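Asker: Protein chains in written order, with my numbering: chain A, 285 to 605; chain B, 76 to 405.
Note that the Cβ used here is the ideal one computed from N, Cα and C, for glycine as well.
Since the structure is predicted, the reported quantities are computational estimates derived from the model, not experimental observations.
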Amino acid sequence: MFAFTIRRLIQMVVVLWAVSVIVFLMMTFTGDPVFMVVPIDATQGEIDQARRILGLDRPMIVQYGIFLSGLLQGDFGLSYVFRQPAFDLILERLPATMEMVVVAMVIATVLAIPLGVYAGANPGKPLSRLIMSGSLLGVSLPGFWVGMMLIWVLAVEFRIFPSSGRGDIGTVLGVETSLATASGWHHIILPAFTLSVGTLAILLRMTRAGMMEVTRQDYMKFARAKGVSRRGVLYGHGLRNALIPVVTIFGLQLGDLIAFATITETIFAWPGMGKLLIDSIYRADRPVIVVYLMLVALIFVVINFMIDVLYTFIDPRITVK
Amino acid sequence: MTTEMQPLLRVRELRTWFHTFSGIVKAVNGVSFDLAAGEVMGLVGESGGGKSVVGYSLLGLIDPPGKIESGSILFDGEELANAPERRLREIRGREIAMIFQDPMTSLNPVHTVGRQMDEMLRLHTELDKKARRQRCVEMLESVGIARAEERLESYPHQFSGGMRQRVVIAIALLAKPRLIIADEPTTALDVTIQAQILRLMRREIRQQGASLILVTHDLAVVAEMVDKITVLYCGRVVETGPVRQVLEAPAHPYTRGLIDSIPDPAHRLPRLRQIPGTVPDIRALPKGCAFRARCSGAAAICSEVEPSLVARAEGQSAACHFPLVSGETA
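(1) For the segment 245-328 of chain B, which segments carrying the beta strand (DSSP E) assignment without a break, of at least 3 residues, lie completely within its bounds, in sequence order?
(2) Who are the Cβ neighbours of Asp-177 of chain B in its own chain at under 6 Å, not counting the five residues just before and after it?
(3) Between the segment 558-567 of chain A and the segment 361-380 of chain A, do at least 3 Cβ pairs fall closer than 8 Å?
(4) Determine the closest residue to Met-214 of chain B out of B:Glu-201, B:Ile-337, B:Arg-197, B:Met-192, with distance taken between C-alpha atoms.
(5) By a C-beta neighbour count over all protein chains shown, 10 Å radius and 16 as the cutoff for buried, is Asn-157 of chain B buried or exposed?
(6) Please classify Ile-337 of chain B as buried or exposed, where buried requires at least 16 other C-beta atoms within 10 Å of its C-beta.
(7) Ordered along the chain, which non-local residues of its own chain (more than five positions away) have a Cβ less than 6 Å from that of Cys-395 of chain B?
(8) Does the Cβ of Phe-477 of chain A have 16 or more other Cβ atoms within 10 Å, making it buried, or fewer, making it exposed?
(9) Report the option in A:Glu-460, A:Thr-381, A:Tyr-348 whose CA atom is closest to the CA atom of Thr-550 of chain A.
(10) Could you name the residues that DSSP lists as bridge partners for Val-498 of chain A?
(11) Tell me the DSSP secondary structure of Ala-485 of chain A in three-state form.
(12) Check Ala-405 of chain B in the structure and name its three-state DSSP category.
(13) Answer with buried or exposed for Glu-225 of chain B, where buried requires no fewer than 16 other C-beta atoms within 10 angstroms of its C-beta.
(14) Return the bridge partner residues of Asp-569 of chain A from the DSSP annotation.
(15) Buried or exposed for Trp-554 of chain A, please, with buried defined as at least 16 other CB atoms from any protein chain shown within 10 angstroms of its CB.
(16) Output needed for Gly-449 of chain A: all residues of its chain with C-beta closer than 8 Å, excluding positions within five of it in sequence on either side, in chain order.
(17) Quick one: give me the first and last residue of the alpha helix (DSSP H) that Met-214 of chain B is part of.
(18) Comparing the C-beta of Asp-599 of chain A with each C-beta of chain B, is any distance below 7 Å?
(19) Taking Cβ positions only, does Asp-592 of chain A come closer than 7 Å to chain B?
(20) Please report whether the beta-carbon of Ser-181 of chain B lies at a distance below 7 Å from any beta-carbon of chain A.
(21) Could you check the C-alpha separation between Val-498 of chain A and Asn-183 of chain B for me, to the nearest Å?
(22) Does the structure place the segment 481-497 of chain A close enough to the segment 381-397 of chain A that three or more beta carbon pairs sit under 8 Å?
(23) Where does the unbroken alpha helix (DSSP H) through Gln-537 of chain A begin, and where does it stop?
(24) Give, in chain order, every residue of the segment 194-215 of chain B whose Cβ lies closer than 8 Å to some Cβ of chain A.
(25) Find out if the Cβ-Cβ distance for the pair Thr-613 of chain A, Gly-418 of chain A is shorter than 7 Å.
(26) With respect to the beta strand (DSSP E) encompassing Val-86 of chain B, which residues constitute its N-terminal and C-terminal limits?
(27) So what does Leu-149 of chain B bridge to, in DSSP terms?
(28) Can you tell me which residues form a DSSP beta bridge with Thr-455 of chain A?
(29) Mind checking who Ser-392 of chain B pairs with in its DSSP beta bridge?
(30) Are the beta-carbon atoms belonging to Val-306 of chain B and Glu-314 of chain B less than 7 Å from one another?
(31) Nearest to Ser-412 of chain A by CA position, among A:Val-385, A:Gln-333, A:Met-496, A:Ile-435, is which residue?
(32) Listed from N- to C-terminal order along the chain, which residues in the segment 310-336 of chain A have their beta-carbon within a distance smaller than 9 Å of any beta-carbon of chain B?
(33) What does a CB cutoff of less than 7 Å around Ser-229 of chain B pick up in its chain, not counting 5 residues either side in sequence?
(34) Which residues of the segment 559-576 of chain A have a Cβ closer than 8 Å to any Cβ of chain B? Give them in chain order.
(35) Over the uninterrupted beta strand (DSSP E) stretch that includes Phe-313 of chain A, give me the two end residues.
(36) With respect to the beta strand (DSSP E) encompassing Phe-174 of chain B, which residues constitute its N-terminal and C-terminal limits?
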């Protein structure tokens, strides 16, 4: 286990380094950043001077070295737009995105597991068919459309939920989150549900497929022959055996939602990282984009590591090497 | 034998059918037998003869499209054929336990052996945690698993096939059930350990005074293990009786055929005898005797009238219009 952790940490560093190279090259080859800084009517002299001040006249490898040493010290540079450290900007927005993603994942999991278990254990029953049809909608409907429909029906027509923005923010254990206030919860339900729909549908379908496979196994019948209740057989004996693919998808989806909550955040004017990313792309605010990409890469690597460890807890036949 | 005593299990005209798209599979079609307390019965027949379905029916473990259509299963005077699921759950494990065919698949791979044993006791006894653990250790030891205390923490994949079947037997016996149904318990095992496991099973079951229904297609096993034998063919009982009598003087040509197809090293036949033909399609059984197409003694009446079970000798009955007399071959 220890060797595994070390090896994965080394892997993590390699992946992040590769991402840093890609990000650096992307920055360098997509237009000349100097024009982001100088006024539109700058003279050639002013441009050259800016180039010198920014270090853009030095060889590429040196520029990369400066960039990398900045990264290692947590210095990602100043946002061109906000004139603040880009890292702080992202960090400021991170809790908003994380809380929405966490709520979305909880909604997805809490609904997907029981519905998937039911549909897998009772294939062919009317309710199972209804669940499966619903999940097909969930997989195929685009998130932005679901969000817009929810706003139209629940926010505009019935006025049950607010249509946009984040609610009041409270502090729990030193973290500022809207989950600490009633208004925060009121605001988060619609965007979180919108974000969860696709994941809910996929997790449900994976759970069902796993359960259909598992219910045929002898140990399920043996458990029943021991006198275990139907519920006990499904959840106590079946579910854990069906869980490996579900957990894999869960991990991928979690990373996906954190990285690409952009659309939902835009629709609901949610002040998260995704919204900031979109704004930064419009304004070509490269330092912010760099921080974002590095952070997302880090999150993906960490989640995958945790999922790998989780496998060994779910199935004792799996060992990490 | 114990004719005056109320039998532990009395099955009458049991019918378990499967309603499939291609027709009704009458897997068990009018099966009756009695089993006394402590008695060991062999339930014998070819694959697809409905042997396992009888076992599952007794526990109410028939899943759709299967269904117990009619008949009666009296266990210690209590009707199980249409008992509510709640009651059946109490009976499963505590009164009637089952040992499955394949030990590689009948234990849950993600739970420790200890947890799977403990579950049985948690469901069916009032013992506290410590007492349950104690009982599990004793049980594992008595089925011949060394270092039982440690082995409770092991997962099934850390055991060999034979060891796993020992664990399965231990689980089945934990709650001291009065009836055990063993569905081909050694078929999936190495030949070298089959006898070992069978003897262990018989010893442990005798010790607890439980009855046993041994579902098998292996007459050699039957000869060694059981008191009485019930032969199934196409979902019906074709012959039943005390094991010695049936094996020495079978009255039904199908039983005769089964006996003849056992390899007999003493006689060194150039080739094993086999029953000609195959089991007919159970969804569309012909009129009359289901065995007649494979029977050399079949006559006109066999394709018209289905023979019923008729008493032949002491405790022995057969369902045949032309039962064999002693020593005759089919």
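Answerer: Let me spell this out:
(1) 254-258, 286-291, 303-308, 311-317
(2) Locating residue 177 of chain B in the second sequence gives position 102, where the first residue counts as 1. Cβ neighbours of Asp-177 of chain B beyond the five flanking positions: Ala-263.
(3) Contact between the segment 558-567 of chain A and the segment 361-380 of chain A is present, because at least three Cβ pairs lie under 8 Å.
(4) By 1-based counting over the second sequence, the position of residue 214 of chain B is 139. When only C-alpha atoms are compared, the closest one is B:Met-192.
(5) Counting from 1 along the second sequence, the entry for residue 157 of chain B is found at position 82. Burial call: exposed.
(6) Here residue 337 of chain B corresponds to residue number 262 of the second sequence, with the count starting at 1. The residue is exposed, with fewer than 16 neighbouring Cβ atoms inside 10 Å.
(7) In the second sequence, residue 395 of chain B corresponds to position 320, counting from 1. Within the same chain, Cys-395 of chain B has close Cβ partners His-327, Pro-382.
(8) Numbered from its first residue, the first sequence carries residue 477 of chain A at position 193. Flag for Phe-477 of chain A reads buried.
(9) Taking the first sequence and counting its residues from 1, one reaches residue 550 of chain A at position 266. Closest by C-alpha distance to Thr-550 of chain A, out of A:Glu-460, A:Thr-381, A:Tyr-348, is A:Thr-381.
(10) Residue numbering aside, residue 498 of chain A sits at position 214 when the first sequence is read from its first letter. None, per the DSSP bridge assignment.
(11) Along the first sequence, read from residue 1 onward, the residue named residue 485 of chain A stands at position 201. Three-state result, Ala-485 of chain A: helix.
(12) Indexing the second sequence from 1 puts residue 405 of chain B at position 330. Because the pLDDT at Ala-405 of chain B is just 49, under 50, the model does not fix this residue reliably, and the value given afterwards should be weighed accordingly. It is coil, neither helix nor strand.
(13) Numbered from 1 along the second sequence, position 150 holds the residue referred to as residue 225 of chain B. Glu-225 of chain B is exposed by the Cβ-count criterion.
(14) Mapped onto the first sequence, residue 569 of chain A falls at position 285. Paired residues: none, contrary to the question.
(15) The residue given as residue 554 of chain A occupies position 270 in the first sequence. Result: buried.
(16) As a first step, residue 449 of chain A must be located in the first sequence, where it is residue number 165. For Gly-449 of chain A, where only same-chain residues beyond five positions count, the Cβ hits under 8 Å are His-471, Phe-552, Ala-553, Trp-554, Pro-555.
(17) Taking the second sequence and counting its residues from 1, one reaches residue 214 of chain B at position 139. Counting along the chain, the alpha helix (DSSP H) containing Met-214 of chain B begins and ends at 204-217.
(18) To locate residue 599 of chain A, count along the first sequence from 1; it is residue 315. Flagged as an interface residue toward chain B: Asp-599 of chain A, by a C-beta distance shorter than 7 Å.
(19) Translated into positions along the first sequence, residue 592 of chain A becomes position 308. So no, Asp-592 of chain A is outside the interface.
(20) Here residue 181 of chain B corresponds to residue number 106 of the second sequence, with the count starting at 1. At least one chain A Cβ lies under 7 Å of Ser-181 of chain B.
(21) Along the first sequence, read from residue 1 onward, the residue named residue 498 of chain A stands at position 214. Along the second sequence, read from residue 1 onward, the residue named residue 183 of chain B stands at position 108. Taking the straight line joining both Cα atoms gives about 11 Å.
(22) Segments in contact, yes.
(23) As a first step, residue 537 of chain A is located in the first sequence; it is residue number 253 there, counting from the start. From DSSP, the alpha helix (DSSP H) with Gln-537 of chain A extends over 523-543.
(24) Glu-194, Met-195, Leu-198, His-199
(25) With chain A running from 285 to 605 in the structure shown, residue 613 of chain A is simply not present.
(26) Counting from one through the second sequence, the residue named residue 86 of chain B turns up at place 11. Where Val-86 of chain B is concerned, the enclosing beta strand (DSSP E) stretches over 84-95.
(27) Against the second sequence, residue 149 of chain B aligns to sequence position 74. Assignment of beta-bridge partners to Leu-149 of chain B by DSSP yields B:Arg-85, B:Glu-154.
(28) Working through the first sequence from its first residue, we reach residue 455 of chain A at position 171. Bridge partners of Thr-455 of chain A: A:Glu-460.
(29) Walking along the second sequence from the start, residue 392 of chain B turns up at place 317. Looking at the DSSP assignment, Ser-392 of chain B forms a beta bridge with B:Thr-315, B:Ala-386.
(30) Looking up residue 306 of chain B in the second sequence gives position 231. Looking up residue 314 of chain B in the second sequence gives position 239. Yes.
(31) As a first step, residue 412 of chain A must be located in the first sequence, where it is residue number 128. The candidate whose alpha carbon is nearest that of Ser-412 of chain A is A:Met-496.
(32) none
(33) On the second sequence, position 154 is the one that residue 229 of chain B refers to. Excluding residues within five positions, the ones whose Cβ falls inside 7 Å are Thr-187, Val-188.
(34) When C-beta distances to chain B are compared with 8 Å, every residue of the segment 559-576 of chain A stays at or above that value.
(35) Numbered from 1 along the first sequence, position 29 holds the residue referred to as residue 313 of chain A. Looking at the DSSP string, Phe-313 of chain A is not in any beta strand (DSSP E); the run it does join, the alpha helix (DSSP H), is 286-313.
(36) Working through the second sequence from its first residue, we reach residue 174 of chain B at position 99. Note on residue identity: the sequence assigns Ile, not Phe, to residue 174 of chain B. That run of the beta strand (DSSP E) goes 171-174.
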